[in-house]
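Asker:
Chains as they are written, first to last, in the working numbering: chain A, 180 to 484; chain B, 81 to 178.
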C-alpha cells in the first residue's frame with residue numbers, strides 16, 4: 180500500500196487555505212466528473228482520487244492527522260489514542276459533492292488511515308435556498324415610467340428597478356434574493372408579481388390605450404379642433420367634418436410605454452361618442468325642423484306633439 | 081397506445097431537495113421536456129437520468145444553466161463523434177480482413 184500525496188492530487192501547496200482546497204477541488208471535479216466524461220475510465224479514476232483528497236484535506240481534523248502521520252500512516256492509531264486522552268471531540272466538515280456514486284470508493288491508504296468511511300464521514304450537502312414570492316401593488320401611472328423602488332423582503336432591503344410598461348400579473352425574477360442556502364448553498368430567487376391597478380380613464384391592452392371622447396353635434400357635423408387628454412398631457416386634435424358617433428382615430432405613439440423598450444410607446448385609440456344637445460329652445464327646434472325639411476326635400480318627417 | 085410512466089415533478093424535487101423552479105428554467109431553455117396533466121407537472125421516467133445529470137452539474141459542480149446547455153451540446157457532439165469513430169473502426173477492420 181503506497182502513501183498518497185493528496186496535495187499533489189489536488190495540485191495545491193501544503194500551505195493551501197480551505198478556500199484554495201475548495202477551489203482546486205471544484206476545478207478538477209468539473210474537469211473529471213463522470214457526467215462530463217462519459218465512458219472515460221481514466222477520468223473516473225482521477226475523479227475518485229480527487230474526491231478522496233478533498234475528503235481528507237477539506238476536513239480540518241483529517242487534514243491535521245494526515246499532515247502529522249500521512250507518511251507514517253501505520254502509526255496513526257497512536258494519534259487517535261493521544262487525541263482521546265486530550266478529550267478532543269471530532270468535528271467533521273464537508274465540501275463533498277453530493278449525489279455522485281463514485282465518492283464512496285476510497286483507496287486502501289484512506290481506509291487504513293481513517294477507517295471505514297461510513298462512520299467517519301459526514302456529508303454537508305449544499306442546498307439552494309428557497310425561492311420567495313411576493314406581490315407588488317402599483318398603479319398604471321407608476322409603471323408608465325421606469326422607476327426605482329426599495330422592497331423589504333425578510334428584513335432585507337432590495338433596491339429594485341421596475342421597467343416601464345410592466346404588465347398586470349407579470350412576474351419578474353430577482354436572482355439570488357430568495358432565502359439563504361444551507362451549508363453554503365446558493366440563495367434562492369425572489370419572484371415579484373405585479374398587481375397593477377388602473378385608476379385612470381384609459382383602458383390598457385398590451386401597449387395600447389383606449390378611451391372614449393364626447394363630441395358635440397356641431398363639431399361632429401362641421402369639424403373642428405378638440406383638446407383631448409392623453410397619458411402624458413393634452414393634445415389638440417382635428418376632427419373631420421361629418422364624423423359619426425363610434426368613429427375611431429389612432430394617435431400613434433401616444434399609448435403606454437413598451438416593456439424594456441426605452442422611449443417606445445404603443446398607440447392611443449380614441450372612440451368618438453357624439454352627444455346630442457338637450458333642452459332645446461324654441462328657436463333651435465324651429466331651425467332643426469328646417470334642417471330636417473331641407474334634408475328630406477321639403478317634407479318634414481318630425482311629428483311634434 | 082404506448083404507456084409512459086410519469087413522475088410528479090414536486091415529488092422528484094422533494095426527493096432531490098431542490099426547487100421545482102430549476103425545472104421550469106430547464107424547460108424554458110428547452111433542455112428538458114415536462115408533461116402537464118390537469119395542472120400537475122410531471123417528468124417522464126425516461127428523462128430521469130438526464131434530469132439527475134443536470135441536477136449534479138448544477139448543484140454539485142455549480143455550473144449555471146448556460147453552462148449546462150453548453151455541456152449537453154458538447155456531450156452530444158462527443159457522442160456523435162464516438163459513434164462515427166466506432167463505425168469507421170469497424171469498416172477499417174473489415175478492410176484489414178480482406
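Ideal Cβ positions, reconstructed from N, Cα and C, are used throughout, including at glycine.
Just so we're clear, the structure is a prediction, and the values are computed from it rather than from any experiment.
Using a Cβ-Cβ distance under 8 Å, would residue 115(B) count as near chain A?
Answerer: Stepping through the second chain from its first residue, residue 115(B) is reached at position 35. Answer no: the Cβ-Cβ gap between residue 115(B) and chain A never drops below 8 Å.
Asker: Where does residue 162(A) sit, in a helix, a strand or coil, going by DSSP?
Answerer: Residue 162(A) falls outside the range modelled here, since chain A spans only 180 to 484, and no answer is possible.
Asker: Apply the 10 Å Cβ neighbour rule to residue 445(A) and answer buried if 16 or more other Cβ atoms are within range, or exposed otherwise.
Answerer: Position 266 of the first chain holds residue 445(A). The residue in question, residue 445(A), is buried, as its Cβ has 16 or more Cβ neighbours within 10 Å.
Asker: Taking only the alpha-carbon atoms, compute the straight-line gap between residue 413(A) and residue 454(A) and give it to the nearest angstrom.
Answerer: Position 234 of the first chain holds residue 413(A). Position 275 of the first chain holds residue 454(A). Going by the C-alpha atoms only, they are around 21 Å apart.
Asker: Since residue 412(A) sits in a beta bridge, which residues does DSSP pair it with?
Answerer: On the first chain, position 233 is the one that residue 412(A) refers to. According to DSSP, residue 412(A) bridges with 409(A).
Asker: At a Cβ threshold of 8 Å, is residue 208(A) touching chain B?
Answerer: Position 29 of the first chain, counted from the first residue, corresponds to residue 208(A). So, interface residue.
Asker: Which residues of the segment 92-111 of chain B have a Cβ closer than 7 Å to any Cβ of chain A? Give them in chain order.
Answerer: Those would be 97, 98, 99, 101, in chain order.
Asker: How would you write the range of the alpha helix (DSSP H) that residue 151(A) sits in, first residue to last?
Answerer: Summary: the structure shown does not reach residue 151(A), with chain A confined to residues 180 through 484, and so no result is reported for it.
Asker: Among 214(A), 432(A), 287(A), 323(A), which has the Cα closest to the Cα of residue 449(A)?
Answerer: Walking along the first chain from the start, residue 449(A) turns up at place 270. Residue 449(A) has its Cα closest to that of 432(A), out of 214(A), 432(A), 287(A), 323(A).
Asker: Tell me residue 124(B)'s beta-bridge partners as DSSP assigns them.
Answerer: To locate residue 124(B), count along the second chain from 1; it is residue 44. Its beta-bridge partners are 86(B).
Asker: What number of angstroms, rounded off, separates the C-alpha of residue 61(B) from the C-alpha of residue 169(B)?
Answerer: Because residue 61(B) is not part of the residues shown, which for chain B are 81 to 178, the question remains open.
Asker: Looking at the C-beta of residue 332(A), does it have a partner C-beta in chain B at a distance below 8 Å?
Answerer: Walking along the first chain from the start, residue 332(A) turns up at place 153. No - not a single Cβ of chain B is within 8 Å of the one on residue 332(A).
Asker: Using only alpha-carbon positions, find the residue among 218(A), 245(A), 371(A) that is nearest to residue 337(A).
Answerer: Here residue 337(A) is taken as the residue at index 158 of the first chain, counted from 1. Measuring from the Cα of residue 337(A), the nearest candidate turns out to be 371(A).
Asker: Taking the alpha helix (DSSP H) that residue 323(A) falls in, what are its first and last residues?
Answerer: Your numbering for residue 323(A) matches position 144 in the first chain. No alpha helix (DSSP H) holds residue 323(A); DSSP gives it neither H nor E.
Asker: Please look up how many angstroms separate the CB atoms of residue 182(A) and residue 231(A), rounded, as I've assumed it's under 8 Å.
Answerer: As a working mapping, residue 182(A) is identified with position 3 in the first chain. As a working mapping, residue 231(A) is identified with position 52 in the first chain. Actually they are not in contact, since the Cβ atoms of residue 182(A) and residue 231(A) sit about 13 Å apart, beyond 8 Å.
Asker: Nearest by alpha-carbon distance to residue 91(B): which of 109(B), 123(B), 106(B) is it?
Answerer: The residue you call residue 91(B) lines up with position 11 of the second chain. Cα-wise, what sits closest to residue 91(B) is 123(B).
Asker: Would you report the Cα separation of residue 139(B) and residue 219(A), rounded to the nearest angstrom?
Answerer: For this step, residue 139(B) is matched to residue 59 along the second chain. For this step, residue 219(A) is matched to residue 40 along the first chain. Each residue's Cα considered, the two are about 22 Å apart.
Asker: Suppose you measure from the CA of residue 292(A) to the CA of residue 96(B); what does that come to, to the nearest Å?
Answerer: Here residue 292(A) refers to the residue found at position 113 when the first chain is read from its first residue. Here residue 96(B) refers to the residue found at position 16 when the second chain is read from its first residue. Distance between the alpha carbons of residue 292(A) and residue 96(B) is about 32 Å.
Asker: Between the segment 349-363 of chain A and chain B, which residues of the former have CB atoms less than 7 Å from a CB of the latter, in chain order?
Answerer: Listed in sequence order: no entries.
Asker: Who pairs with residue 156(B) in a beta bridge, going by DSSP?
Answerer: The count along the second chain starts at 1 and reaches residue 156(B) at position 76. According to DSSP, which records beta bridges pairwise, residue 156(B) is partnered with nothing at all.
Asker: Taking 8 Å as the CB-CB limit, is residue 165(B) close to chain A?
Answerer: Within the second chain, numbered from 1, the residue matching residue 165(B) stands at position 85. Not one chain A Cβ lies under 8 Å of residue 165(B).
Asker: For residue 319(A), which three-state DSSP category applies?
Answerer: The residue you call residue 319(A) lines up with position 140 of the first chain. Coil at residue 319(A), not helix or strand.
Asker: Following the continuous alpha helix (DSSP H) through residue 101(B), name the residue where it begins and the one where it ends.
Answerer: Position 21 of the second chain holds residue 101(B). Start and end: 101-108.
Asker: On a CA-only basis, which of 215(A), 344(A), 349(A) is nearest residue 441(A)? Give me that one, please.
Answerer: The residue labelled residue 441(A) in the question sits at position 262 within the first chain. For residue 441(A), the nearest C-alpha among the options comes from 344(A).
Asker: Would you please state the rounded distance, in angstroms, between the beta carbons of residue 364(A) and residue 308(A)? I believe it to be under 8 Å.
Answerer: For the purposes of this step, residue 364(A) is taken as residue 185 along the first chain, with counting starting at 1. For the purposes of this step, residue 308(A) is taken as residue 129 along the first chain, with counting starting at 1. Right, their Cβ atoms sit about 7 Å apart.
Asker: Run through DSSP, which three-state label would residue 338(A) get?
Answerer: Residue mapping note: residue 338(A) aligns to position 159 of the first chain, counting from 1. Residue 338(A) falls in the strand class under three-state DSSP.
Asker: I want to see whether chain A comes within less than 8 Å of residue 133(B), judged by CB atoms only; does it?
Answerer: By one-based count along the second chain, residue 133(B) stands at place 53. Residue 133(B) counts as touching chain A.
Asker: Determine the chain B residues that contact residue 368(A) at a beta-carbon separation under 7 Å, and present them in chain order.
Answerer: For the purposes of this step, residue 368(A) is taken as residue 189 along the first chain, with counting starting at 1. Ordered by position in chain B, the residues that pass the 7 Å Cβ test against residue 368(A) are 101.
Asker: How long is the line joining the alpha carbons of residue 379(A) and residue 389(A), rounded to whole angstroms?
Answerer: Taking the first residue of the first chain as position 1, residue 379(A) is located at position 200. Taking the first residue of the first chain as position 1, residue 389(A) is located at position 210. In a straight line, the C-alpha of residue 379(A) is about 11 Å away from that of residue 389(A).
Asker: Could you have a look at residue 350(A) and say whether DSSP puts it in helix, strand or coil?
Answerer: Position 171 of the first chain, counting from 1, holds the residue named residue 350(A). Note: residue 350(A) maps to strand in three-state DSSP.
Asker: Straight-line CA distance for residue 314(A) to residue 369(A)?
Answerer: In the first chain, counting from the first residue as 1, residue 314(A) sits at position 135. In the first chain, counting from the first residue as 1, residue 369(A) sits at position 190. Going by the C-alpha atoms only, they are around 11 Å apart.
Asker: When the cut-off is 8 Å and only beta carbons count, does residue 197(A) lie next to chain B?
Answerer: In the first chain, counting from the first residue as 1, residue 197(A) sits at position 18. Residue 197(A) does not count as touching chain B.
Asker: Excluding sequence positions up to five away, which residues of its chain have a Cβ less than 6 Å from the Cβ of residue 318(A)?
Answerer: Looking up residue 318(A) in the first chain gives position 139. Correct list, in chain order: 376, 378.
Asker: Quick one: residues in its chain with C-beta nearer than 7 Å to the C-beta of residue 383(A), no 5 flanking neighbours on either side, listed in chain order?
Answerer: Here residue 383(A) corresponds to residue number 204 of the first chain, with the count starting at 1. 319, 377, 435, listed in sequence order.
Asker: Smallest Cα separation from residue 358(A): which of 334(A), 350(A), 346(A)?
Answerer: Position 179 of the first chain, counted from the first residue, corresponds to residue 358(A). Residue 334(A) is the option with its Cα nearest to residue 358(A).
Asker: Mind checking if residue 142(B) is an interface residue toward chain A, Cβ cutoff 8 Å exclusive?
Answerer: In the second chain, counting from the first residue as 1, residue 142(B) sits at position 62. Chain A, which has a Cβ nearer than 8 Å to the Cβ of residue 142(B), makes this yes.
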